[in-house]
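Structure, as structure tokens:
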Amino acid sequence: MTLMTYLGETYGEKTADLYDTLYEDFAPPPGQLELLASLSGAGPVVEVGAGTGRIAVPLAEKGISVIAVDASPEMTAQLEQKSRNLPIVPITADAADYVAPEPVPLLFAVFNTFFLLAQEDIQRAFLRNAVRTLRPDGVMVLETFAPRPGQRLPDGPHPGVFPVDKDLVLKRQFDDAVLLFSAERHAARGEFHYREVLIRDGQPSRVLPGKMRYWEPEDIDALAKDAGLTLKERRADWDGGPYRPGVSAKHVSLYTPALSR
Ligand SMILES: C[S@@+](CC[C@H](N)C(=O)[O-])C[C@H]1O[C@@H](n2cnc3c(N)ncnc32)[C@H](O)[C@@H]1O
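Just so we're on the same page, our numbering is the position in the sequence shown counted from 1, plus 478.
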């Protein structure tokens, strides 16, 4: 496997069986669930890139119906196992193709999933599909890091790094294992390739690839505008802190279909 053959389902194919171990202590902050719940109306809501349900499961436990879309059948299978008694519908579909059967009040893609769509044409298709999936008064929520070369990523207790050029950092230590993060930036293409490397005593090492097409927040706004979405609000985090251009490490951005008031 090389990053040259990286497809929408590659991340999940390589990562799904380890995802809940690697992110076991990355619980969604209360403000995240509160904001998403407050925008859910009578539901259902759509999460694109739902993975193993780190967000979808606690949202569904609040009684909100979630259509959980992911390109990876391995991720969908993990979610199916833990969502049997919850109002979650796991669907294996690529973000470039999925449109909900009925318009919904909320669609969201968090934890840098928009960047993991990895190609501009897929990101543009996702945004066009978001407009078709949302009710006229619906909201799309995106959460991504703001590209800050040389800084650790703003996600969770064991962050990777967004490199100036190439970098290798320690992400996490277990009693019998280490998780390393090897990253390279292709600035001219706006691409960020990385590998999480798990080395565990007595076991073959695992190499989990990720590929991102990253953007400044203002560039995402331009892509969204092309698709028919208008920026309604930008926050620095899930607690509603003010976003400071060029300073904030990440953003939580709310968009509405352009014709809604
Ligand atoms: C960083 S994980 C986030 C999972 C979960 N939302 C969370 O916060 O823990 C990103 C997810 O996006 C999925 N994904 C990547 N490319 C995709 C695509 N083109 N269409 C749909 N899902 C995709 C991956 O399989 C993965 O499960």
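Glycine included, C-beta positions come from ideal geometry on N, C-alpha and C.
C-beta neighbour in chain D for residue i, strict 8 Å
i: Thr708; result: Although the question refers to chain D, the structure presented lacks it and comprises just one protein chain.
Backbone CA spacing between residue i and residue j [nearest angstrom]
i: Phe593; j: Trp693; result: 8 Å
i: Gln597; j: Glu552; result: 21 Å
i: Tyr733; j: Gln681; result: 45 Å
i: Thr591; j: Asp575; result: 15 Å
i: Ala571; j: Pro723; result: 34 Å
i: Phe604; j: Ala573; result: 5 Å
i: Leu707; j: Val617; result: 9 Å
i: Ala494; j: Phe640; result: 23 Å
i: Pro735; j: Gly638; result: 33 Å
i: Asp679; j: Glu502; result: 20 Å
i: Thr483; j: Tyr489; result: 11 Å
i: Phe504; j: Pro627; result: 23 Å
i: Leu701; j: Gln601; result: 8 Å
i: Pro720; j: Pro568; result: 34 Å
i: Val588; j: Val730; result: 8 Å
i: Pro625; j: Leu737; result: 30 Å
Beta-bridge pairing of residue i - partner residues as DSSP gives them
i: Thr734; result: Thr708
i: Phe670; result: Arg663 and Met690
i: His729; result: Thr622
i: Gln629; result: Phe640
i: Arg678; result: Ala655
i: Pro720; result: Arg713
Supposed contact pair residue j and residue i - C-beta distance, whole angstroms, cut 8 Å
i: Lys644; j: Leu658; result: Contact doesn't hold; Cβ gap of about 13 Å is too wide.
i: Leu595; j: Ile698; result: Contact flag wrong, Cβ pair sits at about 12 Å.
i: Asn515; j: Lys492; result: Reading off the sequence shown, one finds Ala at residue 515, where the question assumed Asn. Actually they are not in contact, since the Cβ atoms of Ala515 and Lys492 sit about 32 Å apart, beyond 8 Å.
i: Ala655; j: Leu676; result: 6 Å
i: Arg712; j: Pro695; result: 7 Å
Cβ-heavy atom distance, residue i to ligand 3, below 7 Å
i: Met690; result: Ligand 3 is not among the ligands present in this structure, which contains only ligand 1.
Okay, do the segment 574-590 and the segment 559-566 touch, 3+ Cβ pairs below 8 Å being the bar?
-> The segment 574-590, when compared against the segment 559-566, does not touch it at the 8 Å Cβ threshold.
Report yes or no: do three or more beta-carbon pairs, one from the segment 704-716 and one from the segment 500-513, lie closer than 8 Å?
-> As far as the Cβ criterion goes, the segment 704-716 touches the segment 500-513, which means the pair count is three or higher.
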